[in-house]
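Here the structure comes first, spelled out in structure tokens, and everything after it is commentary.
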Amino acid sequence: MAKKLRYALYTGCTAKESTPELLKSTLAVAEKLGIELDIIEEASCCGASHLQDFDDHLSLVLNARNLCYAESREAPMVTLCNTCQLNVSMTKNRLDFDNKLKDRVNQDLSEVGLEYKGVSDVKHFLYAILEDYGLENLKKKIVKPLKNFNVAPFYGCHNIRPSSLHGKNNGGENPYVPNSLDQLIEACGGKPVDYEEKNKCCGFHADLQAPETANKLSGNALTGAVDADADFMVTPCPLCHLNLDVKQKKAGEAVGREVNIPVLHLPQVIGLALGIEPEKLGLNHHVVKAVYF
Amino acid sequence: MVKEPILISATAHYSMGGIPTNIRGQVRKNRDELVEGFYAAGECACVSVHGANRLGANSVLEALFFGRHVGKEMVKDIDNLDFGEVSEADAYNMVQEINYILRNNGIESVSKIRDELQESMTENAGVFRTEETLKKQLEILDSLRKRFKHIRIEDKSRLFNTELQEAIELGHMLDYAKFIVEGALFRKESRGSHYREDYPKRDDENFLKHTLAYMDKDGNISIETMDVTLGKFEVKERVY
Amino acid sequence: MEKSIQTKNITVKVFRFNGDTDVLPYYKEYKLEVSQEDVVLDVLNRIKWEHSGSLSYRRSCRHGICGSCAVKVNNKGVLACKERVFDLIDLFGDELVIDPLNKQRVIKDLVIDKKDFWDKYDAVQPYLVADVEEEPEKENLVTPDEVEKIADADYCIQCGACYYSCPVIEVNPEFIGPAAFAKAYRFTSDNRDDAKIERLETVSQMGSGVWDCVKCFECAQVCPKDVNPIDKITRLHQQTFQEGVAESNVATRHAVGFKHSIEQHGFLDEGGLVFYSEGPLGMVQHIPEAVNMFKNGKIPMPWNLPKSKNLEEIKKIVKISSTAKF
Ligand SMILES: Cc1cc2nc3c(=O)[nH]c(=O)nc-3n(C[C@H](O)[C@H](O)[C@H](O)COP(=O)(O)OP(=O)(O)OC[C@H]3O[C@@H](n4cnc5c(N)ncnc54)[C@H](O)[C@@H]3O)c2cc1C
Ligand code: SF4
Ligand code: SF4
Ligand code: FES
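Protein chains in written order, with my numbering: chain Z, 1408 to 1700; chain E, 7 to 246; chain U, 5 to 330.
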């Protein structure tokens, strides 16, 4: 590789709290691959699409502020969560295409001495690996290929839809037949399995008010993966992970099945194939243990 | 820049003329009489506000204004109208028309006849027409009408039968095409969207008139004319 | 670069079912040569006109304005008269499977019963409610800024592609759905309309309303007219707060709780947020998961809660940039 990759890491909340294994494994993988991740410690929550329901302007300013801290690091922002990716890039998109709006937001930001310029891209870690690091380069570093494992990719919504927003930062992933995770699984030596729910929704954002809906959607995804003979699932989104792992029992019950399938975070899968010890990848934090590793 | 061929085809944008009505939307039976209890408004009607051409965006007048106006006129009339007599035979005719298509075991295909109708009408009776092309089209129409009697459709079911619908519509299109061609033959001048290459000038002396056309049971058309009420505006050439 | 018209050979599998005569649906396969300019409707027409006249599907305008021809191709909702076959071949290869929008609601082949769609559409009063003068003296002026608010909500042609792609509709038959929400927004954002509050009350009902949307963006992705229903749903959420229609419940407290959490910590206090949203009683149902999470180190202790650096700055932003109240 010509130049060392360097990103401003926007962790989001979940990777710091209920899925600490995500942050841990991301940092471990980055270190192993020689990718520099400069954590934006000044950042705030992205609003997770819920603050957006309440106060559009506030969520714009907060996200623009987070972007300012990527800009001041002179690096593209990398995200670990599909919903962070959505909210940050939606903010960026709106500000970059609407000068009036940008001025309004910058007026507020100037009160704290910041200015959003629009010079930092924002990308999910999945696509940073795929597009910037490159699968061929990754393959060269694989020492423990996940041979004999059937792996069910679970894409999550906010990395692939709407493609009009994500297209330029996710390699033009097709939301109807996404294949980035499939490719990554293959690069790590595993066998991606195909199932109908792989690009469907886990229901996370209605968990509190409509648990039946959320559980059924997660349940469908889990049973879809099980029925496709998957040994475990992998997702780039910690919110999907919460629904599929922590709430697995309820989700199974909602569709009348008992399911028991480990769900791994994307960097954990890469990490395992790179030969990083499972503890360093935080596999012990999962509710459904990945007993194979 | 990539240059790619794109498909361009003619499409019907508005149908000028139509069911003749008076200003209250009552349908005319002929020059002097009305059909009691029968009203028309909108694109299907010809209340004669547009002349021989309709300017772009002006169907608002036909559709919105006359839709409302005629509706109000109908409300005024309705208390004084009785239901007309409906005979069993009339109903039987309708059922027969449908059953004929459902049961007919011919060799002709609806879509083929329709294709030939569309192509030949565009070719011979489009905006630019001559006596020669129109006469040729009359012959084509006669042969298509004969072939229509020998159609066969695959869908015999009574459920959402769009093939039956297309067949019924084709029958109506064949009738309607004949009105268009005979009307165009009769009008030996050019006016509005009717352009006779063999009579390129407007001829107010002979043709500042409405065409009223009637079809008999055997599909023959007869034509009479009706005067145009000119009102405030003088007839002018469209120069754009 | 000059190109001539290309053609490709494809296999099309079409969902067939006649409720009058068939016991089970089946797929019928057709091999066709398609050209660059063909749309899905051309393929259906060719099958109907050249191979099987009984194939049934809805279509009318054939230029993307009547909304009757929506179907699914390899599970992607499309407007048959707008979607180019070559684009689909690029996505899915040379075997295309054409399905009705919803297989459970099939009347015949690709024709479905859209009654559920229309019933919910009716529920939002999809028309202007206003005391219109019978004989107005002048036009009812609407400024460009006011039109801007309605945005693309007005372009909906009721094709149903979003509704029958929405995962919530599949599991919650009460859910009003994206198209009707977009229509509701079209009128709640119209300054001439008098039924704003009533509509906002309808769309904010728990179980059927906007709070039950899972934000999957399927509707935004599929819409052939770029109506972007989820964007309109977000704006409806905001309007319920702006107009004082939002009631205090788990969903609204959840949305507002983000603000409080950000103000206090910068990041979310996830446990605190759930507590704030659910209240002490509602919290009970989360205990089994909470225990599991705690055991697996997924719940940081209060003294370990992550806090943003520059928290003062965030507090200041929350103070000056807040525009909504609850
Ligand atoms: C592509 C296109 C663009 C146009 N653009 C413009 C424009 O920009 N400005 C403009 O002014 N005009 C425009 N026009 C013309 C204008 O739209 C039409 O003239 C107008 O909409 C006609 O309205 P209508 O109500 O009279 O008839 P229609 O809208 O055609 O309504 C007829 C109704 O009758 C129903 N029907 C038919 N048969 C039966 C039956 N047997 N039983 C029961 N119901 C039946 C049909 O389903 C339909 O709903 C355009 C037309 C086209 C095709
Ligand atoms: S975003 Fe909401 S309304 Fe749109 S498809 Fe998903 S759940 Fe349905
Ligand atoms: S919002 Fe779009 S997809 Fe949904 S019904 Fe309207 S036009 Fe169709
Ligand atoms: S036929 Fe009217 S939208 Fe496709």
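Idealized CB from N, CA, C, for every residue including glycine.
- Checking the 7 angstroms criterion, the Cβ of P233/U is within range of a heavy atom belonging to ligand 2.
- Residue-level contact by beta carbon holds for T168/E and chain U, with a gap shorter than 8 angstroms.
- In the displayed model, I1536/Z falls within a helix according to three-state DSSP.
- In this structure, L108/E places its C-beta atom within 8 angstroms of the C-beta atom of L170/E.
- For N212/E, the CB contacts under 8 angstroms within the same chain, skipping 5 residues up- and downstream, are K194, E195 in chain order.
- Distance from K1431/Z to G1689/Z at the Cβ level is roughly 4 angstroms; contact confirmed, criterion being Cβ atoms closer than 8 angstroms.
- Under the Cβ criterion of 8 angstroms, V115/U is counted among the residues facing chain E.
- In the displayed model, Y201/E falls within a strand according to three-state DSSP.
- Judged by the Cβ position, P182/U qualifies as a neighbour of ligand 2 at the 7 angstroms threshold, a heavy atom of the ligand being closer than this.
- For D233/E, the enclosing beta strand (DSSP E) starts and ends at 227-233.
- Sequence-distant partners of H241/U (beyond 5 residues in either direction) whose C-beta falls short of 6 angstroms from its own C-beta, in its chain, are V214.
- Neighbours of G57/U across chain E, judged by C-beta separation under 7 angstroms: I159, E160, D161, E169.
- Burial check for H156/E: the Cβ neighbour count within 10 Å stays below 16, so the residue is exposed.
- Within the DSSP bridge table, the entry for L83/U names A74/U as partners.
- The Cβ atoms of L1545/Z and E282/U do not sit closer than 8 angstroms to each other.
- Within chain E, no residue has its beta carbon less than 7 angstroms from that of I201/U; the closest one is some 30 angstroms off.
- The C-beta of I29/E has fewer than 16 other C-beta atoms within 10 Å across all chains shown, which makes the residue exposed.
- Closest by C-alpha distance to L1429/Z, out of L1671/Z, A1680/Z, V1695/Z, is L1671/Z.
- D1539/Z and R20/U have their C-alpha atoms roughly 46 angstroms apart.
- Taking C-beta atoms as the reference points, S1451/Z and G270/U count as a pair closer than 8 angstroms.
- Within the stretch 153-202 of chain E, the complete alpha helix (DSSP H) segments of 4 residues or longer fall at 168-192, listed in chain order.
- Proximity of K112/U to chain E, defined by a Cβ-Cβ separation below 8 angstroms, is satisfied.
- Inter-residue distance for L1458/Z and V254/U is about 14 angstroms (C-alpha atoms, whole angstroms).
- For A1628/Z, the enclosing alpha helix (DSSP H) begins and ends at 1618-1634.
- For the stretch 1495-1520 of chain Z, the residues whose beta carbon sits under 9 angstroms from a beta carbon of chain U are, in order, V1512, D1515, L1516, E1518, V1519, G1520.
- The shortest CA-to-CA distance from K1598/Z to any of M1640/Z, N1622/Z, L1624/Z is the one to M1640/Z.
- Between T1490/Z and A1455/Z, the CB-CB gap stays under 8 angstroms.
- A distance below 8 angstroms separates the beta carbons of V77/U and L92/U.
- In the three-state scheme derived from DSSP, where H, G and I count as helix and E and B as strand, N176/U is classed as coil.
- Taking all protein chains in view, the Cβ of P140/U is surrounded by fewer than 16 other Cβ atoms within 10 Å, so the residue is classified as exposed.
- DSSP places A16/E in the coil class of the three-state scheme, outside both helix and strand.
- At least one heavy atom of ligand 2 sits closer than 7 angstroms to the Cβ of F221/U.
- Counted as a single uninterrupted DSSP element, the alpha helix (DSSP H) harbouring H1464/Z occupies residues 1463-1478.
- Look at G261/U: its beta carbon is at least 7 angstroms from all of the heavy atoms in ligand 3.
- The C-alpha of F96/U lies about 19 angstroms from the C-alpha of S1571/Z.
- Here I9/U is exposed: its Cβ has fewer than 16 other Cβ atoms, across all protein chains shown, within 10 Å.
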